[in-house]
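S.K.:
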Amino acid sequence: MASNAPALRAIAVTAGRDKSGRPEAMDISFSPGMITALLGPTGSGKSRFLQDIESLADADTPSFRRILLDGVLPDPDRRFDLQGRLVAQLTQNMNFVLDMRVHAFILAHAESREADDPEETAKRVIEAANGLAGEPFSPGVQLTQLSGGQSRALMIADAALLSWSPVLLIDEIENAGVDKRRALDLLLKSDKIVVMATHDPVLALSADRRLVFENGAVRKIQTRTPDEEALLADLLTAEERLSAIRADLRQGRALRA
Amino acid sequence: MRLVTVAGPPSCGKTSLLAKACAELIAGGTACAVIKFDCLQTGDAALYEAAGVPAWAALSGGLCPDHFFATNLEEAYAWARDTGAKCCVIETAGLCNRCSPHLRGALALCVIDNLMGIEAPGKIGPMLKLADIVLVTKGDLVSQAEREVYRHRVGQMNARAVIRHVNGLTGQGCRELAAILKKAPDIASVTDMRLRFPMPGAVCSYCLSETRIGSRYQKGNVKKAAFGGDHGE
Ligand SMILES: Nc1nc2c(ncn2[C@@H]2O[C@H](COP(=O)(O)OP(=O)(O)OP(=O)(O)O)[C@@H](O)[C@H]2O)c(=O)[nH]1
Ligand SMILES: [Mg+2]
Numbered sequence: 001m002a003s004n005a006p007a008l009r010a011i012a013v014t015a016g017r018d019k020s021g022r023p024e025a026m027d028i029s030f031s032p033g034m035i036t037a038l039l040g041p042t043g044s045g046k047s048r049f050l051q052d053i054e055s056l057a058d059a060d061t062p063s064f065r066r067i068l069l070d071g072v073l074p075d076p077d078r079r080f081d082l083q084g085r086l087v088a089q090l091t092q093n094m095n096f097v098l099d100m101r102v103h104a105f106i107l108a109h110a111e112s113r114e115a116d117d118p119e120e121t122a123k124r125v126i127e128a129a130n131g132l133a134g135e136p137f138s139p140g141v142q143l144t145q146l147s148g149g150q151s152r153a154l155m156i157a158d159a160a161l162l163s164w165s166p167v168l169l170i171d172e173i174e175n176a177g178v179d180k181r182r183a184l185d186l187l188l189k190s191d192k193i194v195v196m197a198t199h200d201p202v203l204a205l206s207a208d209r210r211l212v213f214e215n216g217a218v219r220k221i222q223t224r225t226p227d228e229e230a231l232l233a234d235l236l237t238a239e240e241r242l243s244a245i246r247a248d249l250r251q252g253r254a255l256r257a
Numbered sequence: 258m259r260l261v262t263v264a265g266p267p268s269c270g271k272t273s274l275l276a277k278a279c280a281e282l283i284a285g286g287t288a289c290a291v292i293k294f295d296c297l298q299t300g301d302a303a304l305y306e307a308a309g310v311p312a313w314a315a316l317s318g319g320l321c322p323d324h325f326f327a328t329n330l331e332e333a334y335a336w337a338r339d340t341g342a343k344c345c346v347i348e349t350a351g352l353c354n355r356c357s358p359h360l361r362g363a364l365a366l367c368v369i370d371n372l373m374g375i376e377a378p379g380k381i382g383p384m385l386k387l388a389d390i391v392l393v394t395k396g397d398l399v400s401q402a403e404r405e406v407y408r409h410r411v412g413q414m415n416a417r418a419v420i421r422h423v424n425g426l427t428g429q430g431c432r433e434l435a436a437i438l439k440k441a442p443d444i445a446s447v448t449d450m451r452l453r454f455p456m457p458g459a460v461c462s463y464c465l466s467e468t469r470i471g472s473r474y475q476k477g478n479v480k481k482a483a484f485g486g487d488h489g490e
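Chains as they are written, first to last, in this note's numbering: chain A, 1 to 257; chain B, 258 to 490.
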């Protein structure tokens with residue numbers, strides 16, 4: 001029972017109230033394979049929103065939101081099974097603490113998920129992680145010896161490919177020392193509902209849509225416009241230029257304007 | 258009165274969780290009281306009182322805290338009843354991993370944290386294996402992958418138990434814990450209840466405060482281990 005993750009086609013968050021008791025703008029629904037960015041200053045209600053999802057709120061939190069799974073309020077059995085497990089979190093945590101080697105650890109995770117071919121699955125996760133990390137690592141290394149960037153890369157690859165939870169919440173991958181574009185591609189393919197709190201313009205514009213928070217409630221939903229797509233392309237070019245300059249500087253090459 | 262036994266290694270978060278869950282119960286109109294059994298010292302009673310939860314600490318001093326728990330359970334239960342509690346929670350010391358305070362017919366909780374190493378669920382033995390509910394704390398300090406692998410390992414050691422991730426710092430999961438405590442078996446008396454797992458049968462000279470090392474000081478139920486030769490049983 002515990003290993004088989006729930007198949008979830010949609011989560012809906014019904015409109016609640018903001019901190020002053022005014023009604024929230026709209027209901028919001030999420031489906032697998034979709035990336036949503038959360039934007040807004042600290043204290044604007046992003047965390048409350050995520051906690052409401054995680055705790056399967058039923059008008060019993062300060063926001064008065066309700067969470068519907070596949071269109072219905074979950075019954076007590078479903079709530080009990082999912083509570084605290086619906087949302088997998090990738091926080092800004094950069095290090096592992098468990099006393100295991102990378103391969104044994106990922107293999108144990110694959111086995112716990114009853115993967116058809118745990119060895120093959122573990123291999124894929126470690127390869128994906130090495131594709132995100134700056135410097136590659138060997139499967140035989142202890143988890144605790146991975147660098148911050150390597151740990152984070154492994155956490156992202158594992159969450160995308162092996163996590164039990166149908167919803168994945170990511171806190172600021174921009175600071176993680178991993179290839180954020182590739183990380184995003186991997187997450188897109190994961191068939192999870194991905195929700196990402198970010199301050200990075202490239203990541204925010206890469207999301208299918210953005211929720212803007214104010215005073216404890218969602219004020220606006222924005223989907224990416226053709227204009228913004230063009231802007232994203234510009235930003236990506238600028239970022240590539242920036243990393244080329246960074247590489248040149250590192251290698252002691254002279255730069256031209 | 259309902260009865261709950263709680264076991265878990267030192268500093269795993271037992272008091273943090275129970276203080277929040279009991280405060281929640283009290284706020285909802287269910288009086289409760291906590292008894293902490295420990296060995297040499299504990300500040301737990303003060304922590305509970307600070308959360309508004311009536312509490313008493315009993316220290317075993319020179320005796321095994323688990324034996325001391327069994328010896329004093331009737332009195333502890335009577336004390337809790339005198340406070341007017343409808344739910345009596347017993348937090349034990351969980352020092353040597355050999356024992357388990359869990360009783361047949363009472364609700365048995367085990368608390369374990371995510372930081373104790375992947376072999377810990379196997380090592381702590383009966384207090385985990387015989388629990389009805391296992392609460393895993395300190396998930397905030399590890400990755401999602403570690404939480405999931407660790408949870409799986411706990412499930413391998415006790416397939417029967419309900420396993421929950423909770424957080425002693427933020428209180429995440431404590432409301433659900435309160436709902437679980439509220440449904441613990443309601444019992445009339447602890448007299449004639451039975452432990453789920455026997456405590457070690459040993460009366461040797463060290464049980465009687467012998468401090469000197471050496472075979473000639475050892476009397477009573479003395480067991481000598483084998484050293485060298487084949488490993489294993
Ligand atoms: N980060 C984190 N710390 C926690 C969590 N739960 C408890 N702690 C901390 O762990 C320490 C020990 O917590 P206690 O609740 O006293 O643990 P205990 O199991 O009652 O300890 P003893 O009764 O002394 O064996 C305290 O500093 C708590 O704040 C948690 O979920 N996350
Ligand atoms: Mg304690």
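Glycine included, each C-beta is placed from N, C-alpha and C at the ideal position.
Let me check understanding here. Comparing Cα to Cα, which of A/S63, A/F96 and A/S31 lies closest to A/M155?
M.R.: Of A/S63, A/F96 and A/S31, the residue nearest in Cα terms is A/F96.
S.K.: With DSSP collapsed to three states, give me the class of A/A2.
M.R.: Bear in mind that the predicted position of A/A2 carries a pLDDT of just 38, short of 50, making it unreliable; the figure below should be weighed with that in mind. Coil, per DSSP.
S.K.: Kindly indicate if chain A contains any beta-carbon less than 8 Å away from that of B/I375.
M.R.: Yes, because at least one Cβ of chain A sits closer than 8 Å to the Cβ of B/I375.
S.K.: Taking 7 Å as the line, does the beta carbon of B/P322 fall inside it for any heavy atom of ligand 1?
M.R.: No - ligand 1 has no heavy atom lying nearer than 7 Å to the Cβ of B/P322.
S.K.: Could you tell me which chain B residues have their CB closer than 9 Å to the CB of A/S206, listed as they occur along the chain?
M.R.: Going along chain B, no residue has its Cβ under 9 Å from A/S206, so there is no contact; the nearest lies around 22 Å.
S.K.: Taking Cβ-Cβ distances shorter than 7 Å, what residues in chain B pair up with A/N93?
M.R.: Ordered by position in chain B, the residues that pass the 7 Å Cβ test against A/N93 are S400.
S.K.: So, using beta-carbon positions, are A/L211 and A/L38 closer together than 8 Å?
M.R.: Yes, the pair counts as a contact, with Cβ atoms nearer than the cut-off.
S.K.: Leaving out five residues on either side along the sequence, give the residues of the same chain with a beta carbon under 7 Å from the beta carbon of B/A479.
M.R.: Position check: residue 479 of chain B holds Val in this sequence, whereas Ala was assumed. Here the set comprises C461.
S.K.: So does A/E119 have its beta carbon nearer than 7 Å to some heavy atom of ligand 2?
M.R.: No, the Cβ of A/E119 stays beyond 7 Å of every heavy atom of ligand 2.
S.K.: Using CA coordinates, which residue listed in B/T272, B/R451, B/F484 and B/E467 is at the minimum distance from B/V350?
M.R.: A small correction: the amino acid at residue 350 of chain B is Ala; Val does not occupy that position in the sequence shown. Per the Cα distances, B/T272.
S.K.: Report the residues of the segment 93-116 of chain A with a CB closer than 7 Å to any CB of chain B, ordered along the chain.
M.R.: Those residues of the segment 93-116 of chain A that come within reach of chain B (Cβ to Cβ, closer than 7 Å) are N93, F96, V97, L98, D99, M100, F105, A108, H109 and S112.
S.K.: Using only the heavy atoms of ligand 1, determine whether one of them is closer than 7 Å to the beta carbon of B/T272.
M.R.: Correct: B/T272 has its Cβ closer than 7 Å to ligand 1.
S.K.: Could you give the distance in angstroms between the alpha-carbon of A/L203 and the alpha-carbon of A/L146?
M.R.: Using only the alpha carbons, I get a separation of about 25 Å.
S.K.: I'd like to know whether the C-beta of B/R453 is nearer than 8 Å to at least one C-beta of chain A.
M.R.: With 8 Å as the cut-off, B/R453 does not count as an interface residue toward chain A.
S.K.: What is the DSSP secondary structure of A/P32, counted as helix, strand or coil?
M.R.: The answer is coil: DSSP assigns A/P32 none of H, G, I, E or B.
S.K.: Please compile the residues from chain B whose C-beta is within a distance smaller than 8 Å of the C-beta of A/Q89.
M.R.: Under the 8 Å cutoff, chain B gives Q401.
S.K.: Answer yes or no: does any C-beta atom of chain A fall closer than 8 Å to that of B/V346?
M.R.: With 8 Å as the cut-off, B/V346 does not count as an interface residue toward chain A.
S.K.: Expressed to the nearest angstrom, what Euclidean distance is found between the alpha-carbon atoms of A/E260 and B/S472?
M.R.: Because chain A is modelled from 1 through 257, residue 260 of chain A falls outside the range shown and cannot be assessed.
S.K.: Got a sec: is the Cβ-Cβ distance from A/D58 to anything in chain C below 8 Å?
M.R.: Among the protein chains of the structure shown, namely A and B, there is no chain C.
S.K.: Report whether the distance from the Cβ of A/E240 to the nearest heavy atom of ligand 2 is below 7 Å.
M.R.: Outside the cutoff, so no.
S.K.: Please give me, in chain order, every unbroken run of the beta strand (DSSP E) with length at least 3 that falls completely inside the segment 264-332 of chain B.
M.R.: Runs of the beta strand (DSSP E) inside the segment 264-332 of chain B: 289-295 and 312-316.
S.K.: Can you tell me the Cβ-Cβ gap for B/C367 and B/G265, rounded? I've got them flagged as a contact below 8 Å.
M.R.: At roughly 6 Å, the Cβ-Cβ gap stays under 8 Å, so B/C367 and B/G265 are in contact.
S.K.: Please confirm whether any heavy atom of ligand 1 lies closer than 7 Å to the CB of B/K395.
M.R.: Because some heavy atom of ligand 1 lies under 7 Å away, the Cβ of B/K395 counts as near it: yes.
S.K.: For B/G270, decide whether its Cβ has a neighbour in chain A, counting only Cβ atoms nearer than 8 Å.
M.R.: Not one chain A Cβ lies under 8 Å of B/G270.
S.K.: The alpha helix (DSSP H) spanning A/L162 covers which residue range?
M.R.: It spans G148 to L162 - the alpha helix (DSSP H) in which A/L162 sits, taken as one unbroken run.
S.K.: Once DSSP output is grouped into helix, strand and coil, what is the label at B/L372?
M.R.: Coil, per DSSP.
S.K.: Could you name the residues of chain B that A/M155 contacts, counting a contact when the two beta carbons are closer than 8 Å?
M.R.: Neighbours of A/M155 on chain B, chain order: S400, Q401 and A402.
S.K.: Could you list which residues in chain A have their beta carbon closer than 8 Å to that of B/L426, in chain order?
M.R.: Residues of chain A passing the Cβ test: none, with the nearest at roughly 14 Å.
S.K.: In terms of residue numbering, what span does the alpha helix (DSSP H) encompassing A/E259 cover?
M.R.: Outside the displayed span of chain A (1 to 257) sits residue 259 of chain A, for which this structure offers no information.
S.K.: Applying a beta-carbon distance threshold of less than 9 Å, which residues of chain B neighbour A/D158?
M.R.: Chain B residues near A/D158: S400, Q401, A402 and E405.
S.K.: Is the separation between the beta-carbon of A/P74 and that of A/L82 shorter than 8 Å?
M.R.: A contact, by the Cβ cut-off of 8 Å.
S.K.: Please confirm if B/R421 has its CB atom under 8 Å from at least one CB of chain A.
M.R.: Yes, its Cβ sits closer than 8 Å to a Cβ of chain A.
S.K.: Quick check on DSSP: helix, strand or coil for B/R453?
M.R.: Correct three-state label for B/R453: coil.
S.K.: Would B/R451 and B/R361 be called neighbours here (beta carbons separated by less than 8 Å)?
M.R.: Cβ atoms of B/R451 and B/R361: closer than 8 Å.
S.K.: Are the Cβ atoms of A/H103 and A/L162 separated by less than 8 Å?
M.R.: For A/H103 and A/L162, no; Cβs fall outside 8 Å.
S.K.: Using a 10 Å radius around the Cβ and a threshold of 16 neighbouring Cβ atoms, would you call A/K258 buried or exposed?
M.R.: Since the first and last residues shown for chain A are 1 and 257, residue 258 of chain A lies out of range.
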